[in-house]
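A.B. asks:
Residue numbers (our numbering): -13 to 73.
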């Protein structure tokens, strides 16, 4: 269940919200005038989330290459890597 706090809570209880963000790997949602305004999370959680997005992007690139037929046999790829490494 998401944690929802008001902008006044953020202003008046910053340390409590900071602790929540560091204790749970989920964002705390901040409302302004009763409506959703911000999502706040620890830097660690943000970096992990961003890393996942980057990984998903790389996986998608690989899947697109497979769909487009942009592949080669494993033995050929390994041979090419070894040749570059031995130079």
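We treat Cβ as the ideally placed atom computed from N, Cα and C, and that holds for glycine.
Keep in mind that this is a model prediction, so the values were computed, not measured.
1. On the premise that residue 3 lies in contact with residue 14, defined as a C-beta separation below 8 Å, what is that separation, rounded to the nearest angstrom?
2. Counting only runs that start and end within the stretch -7 to 21, where is the beta strand (DSSP E) found for 3 or more residues in a row?
3. In three-state DSSP terms, what is residue 23?
4. Could you tell me if residue 16 is buried or exposed, where buried requires 16 or more neighbouring beta carbons within 10 angstroms of its beta carbon?
5. Just confirm the distance between the C-beta atoms of residue -8 and residue 11, as a whole number of angstroms; I'd bet it's less than 8 Å.
6. According to the Cβ coordinates, are residue 57 and residue 50 closer than 8 Å?
C.D. replies: In short:
1. Right, the Cβ-Cβ distance comes to about 6 Å (below 8 Å), so this counts as a contact.
2. 14 to 18, all fully within the stretch -7 to 21.
3. Judged by DSSP in its simplified three-state form, residue 23 adopts strand.
4. Around the Cβ of residue 16, a 10 Å sphere holds 16 or more other Cβ atoms; the residue is buried.
5. About 22 Å separates the CB atoms of residue -8 and residue 11; that is not less than 8 Å, and the two are not in contact.
6. Contact: no.
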